[in-house]
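Position one of the sequence shown corresponds to residue 51 (our numbering), numbered consecutively onward. Here's the structure we're looking at; comments come further down.
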Amino acid sequence: DMGRFPQPEEGLAVLRSASGEMADWKGPYLPEEIPDVDPWGNPLEYSLIKLENQTVVNLYSVGANGIDEQGLGDDLR
51 DMGRFPQPEE
61 GLAVLRSASG
71 EMADWKGPYL
81 PEEIPDVDPW
91 GNPLEYSLIK
101 LENQTVVNLY
111 SVGANGIDEQ
121 GLGDDLR
């Protein structure tokens, strides 16, 4: 209904409630059971990976150390 994925800088909140400029929004798209933070209190990270014919949504935790190690270290994807 929106014709696009949310941008990472919009965060996950845009999947739960619409801002004023989203007249076509028909969400929520993210269940309340999915938290905004990981077990260590760090915000869950969200990115888009654009491939040739599709866009992949990447939702991940930076882990206990709170540092985005690009999927290494204690990051959880």
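Every residue gets a Cβ at the ideal spot worked out from N, C-alpha and C, and that includes glycine.
Host beta strand (DSSP E) of Asn-108 (start-end)
Under the DSSP assignment, Asn-108 falls in the beta strand (DSSP E) whose first and last residues are 105-110.
For Pro-78, three-class secondary structure by DSSP
Three-state result, Pro-78: coil.
Do Asn-92 and Gly-116 have their CB atoms nearer than 8 angstroms?
Yes; because the gap between Cβ atoms is below 8 angstroms, this pair is in contact.
Between Gly-121, Leu-98, Asp-125, Gln-104, which has its C-alpha nearest Glu-59's C-alpha?
Comparing Cα-Cα distances from Glu-59 to each of Gly-121, Leu-98, Asp-125, Gln-104, the minimum goes to Leu-98.
Note down the Cα distance separating Thr-105 from Ala-68, rounded to an integer number of angstroms.
Using only the alpha carbons, I get a separation of about 22 angstroms.
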